[in-house]
Amino acid sequence: MMTSDFTAAVVPVFLEALDLFDRAEKNKTGPVEVERATLRAAFDRAAAKMRGPRLPEWELASYAIAAMVDEILIVDMPWSGQAWWENHALEVELFGMRRRATEFYDRAEKAAALPVRDASTIFVSAVLVGFRGMLRDRPDPLEKWLGANSQRLQLGFGRANVIASAPELPGAPPLWGKSKLVWQSLATTVLTAILIVMVWVSLQVIS
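Position one of the sequence shown corresponds to residue 2 (the numbering used here), numbered consecutively onward.
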């Protein structure tokens, strides 16, 4: 389980990102600069809560979220703000770099080495949502990565049951269909690593 203070600080940022994905997919986003400011404000609120000894965990987790957001909004999802986002990548704004394809997995290893699993949970969640990076179009290494990291988190799942209902496309692409997430069935098989995803899915069903 993620610790309560980490959950309270970081989950709202992840949910804000997922909500943006949903609006972008449905062509219901506001001006891209406003969408970016809203998401950035969520990052800033979390950073303020995670000051002190837990700052290194937040820095890792926030990178995972930023990389996920950039890849999905720049590479995977056609939407009105796609070109703008590519020229204003969140990774560049927050971390001064543009190498998410490899840096994500390097930082995931650092998160996995920490005594608490909070940051590592966010990296796994980002991959479940759709981040691929250097493992794009490489389903076997992706499955191996998910299996190893889920084992560390004691979740016990791999690509086979994670995307059982998803279309079999090269590289195990993002786990959603047109206007409908195809990974809703994960609620009964995945524990803490996608608690944030499960909450968001339930909100979409209600709305």
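Even glycine gets a Cβ: it sits at the ideal position worked out from N, Cα and C.
Reference residue i; option with closest CA among the options
| i | options | result |
| --- | --- | --- |
| residue 150 | 109, 84 and 5 | 109 |
| residue 240 | 78, 47, 95 and 45 | As displayed, the chain neither begins before 2 nor continues past 208, which places residue 240 out of reach and without an answer. |
| residue 153 | 21, 8, 127 and 119 | 119 |
| residue 8 | 59, 105 and 67 | 59 |
| residue 124 | 24, 139, 140 and 101 | 101 |
| residue 107 | 71, 28, 26 and 135 | 135 |
| residue 224 | 34, 20, 53 and 132 | There is no way to answer for residue 224, as the model of the chain reaches only from 2 to 208. |
| residue 22 | 92, 73 and 115 | 73 |
| residue 28 | 61, 62, 79 and 41 | 79 |
| residue 37 | 116, 62, 147 and 70 | 70 |
| residue 68 | 33, 117, 130 and 34 | 130 |
| residue 210 | 43, 3, 10 and 19 | Any property of residue 210 remains undetermined from this structure, which presents the chain solely from 2 to 208. |
| residue 77 | 117, 133 and 4 | 133 |
| residue 92 | 24, 51, 4 and 40 | 40 |
| residue 105 | 66, 3, 117 and 4 | 66 |
Sequence-distant residues of the same chain with beta carbon closer than 8 angstroms to residue i, five excluded per side
| i | result |
| --- | --- |
| residue 75 | 83, 86, 87 and 90 |
| residue 159 | Summary for residue 159: the model assigns pLDDT 43, below 50, so the residue's position carries little reliability, and this model does not support an answer. |
| residue 180 | Low local confidence applies: a pLDDT of 33 at residue 180 is under 50, so the model's placement there is unreliable, and no value is given. |
| residue 30 | 21, 24, 36, 80, 81 and 82 |
| residue 142 | 136 |
| residue 32 | none |
Burial state of residue i (16 or more Cβ within 10 Å)
| i | result |
| --- | --- |
| residue 103 | exposed |
| residue 98 | exposed |
| residue 190 | The pLDDT assigned to residue 190 is 34, lower than 50, so where the model puts this residue is not dependable; a value taken from the coordinates is nonetheless given after this. Answer is exposed; the Cβ neighbour count stays below 16. |
| residue 56 | exposed |
| residue 81 | exposed |
| residue 1 | Residue 1 lies beyond the residue range present for the chain, which begins at 2 and ends at 208; the question has no answer from this structure. |
| residue 34 | exposed |
| residue 112 | buried |
| residue 42 | exposed |
| residue 122 | buried |
Per-residue DSSP class, three states only, for residue i
| i | result |
| --- | --- |
| residue 57 | helix |
| residue 135 | helix |
| residue 148 | helix |
| residue 88 | helix |
| residue 129 | helix |
| residue 108 | helix |
| residue 16 | helix |
| residue 157 | Residue confidence for residue 157 is low, a pLDDT of 44 falling below 50, so the modelled location carries little weight; the figure read from the coordinates is stated next. Here residue 157 sits in coil by DSSP. |
| residue 52 | coil |
| residue 69 | helix |
| residue 115 | coil |
| residue 140 | helix |
| residue 24 | helix |
| residue 100 | coil |
| residue 8 | helix |
| residue 121 | helix |
| residue 39 | helix |
Contacts around residue i, its chain only, beta-carbon distance under 7 angstroms, and the 5 residues preceding and following it disregarded
| i | result |
| --- | --- |
| residue 61 | 108, 111, 112 and 120 |
Contacting residues, own chain, Cβ-Cβ under 6 angstroms from residue i (five flanking each side not counted)
| i | result |
| --- | --- |
| residue 10 | 47, 50 and 51 |
| residue 171 | Its pLDDT being 36, under 50, residue 171 is placed unreliably by the model, and nothing is read from it. |
| residue 117 | none |
Open item on the list: Using 8 angstroms as the cut-off, can you tell me whether the segment 43-57 makes contact with the segment 10-22, which would need three or more C-beta pairs spanning the two stretches below that distance?
Closed with: yes
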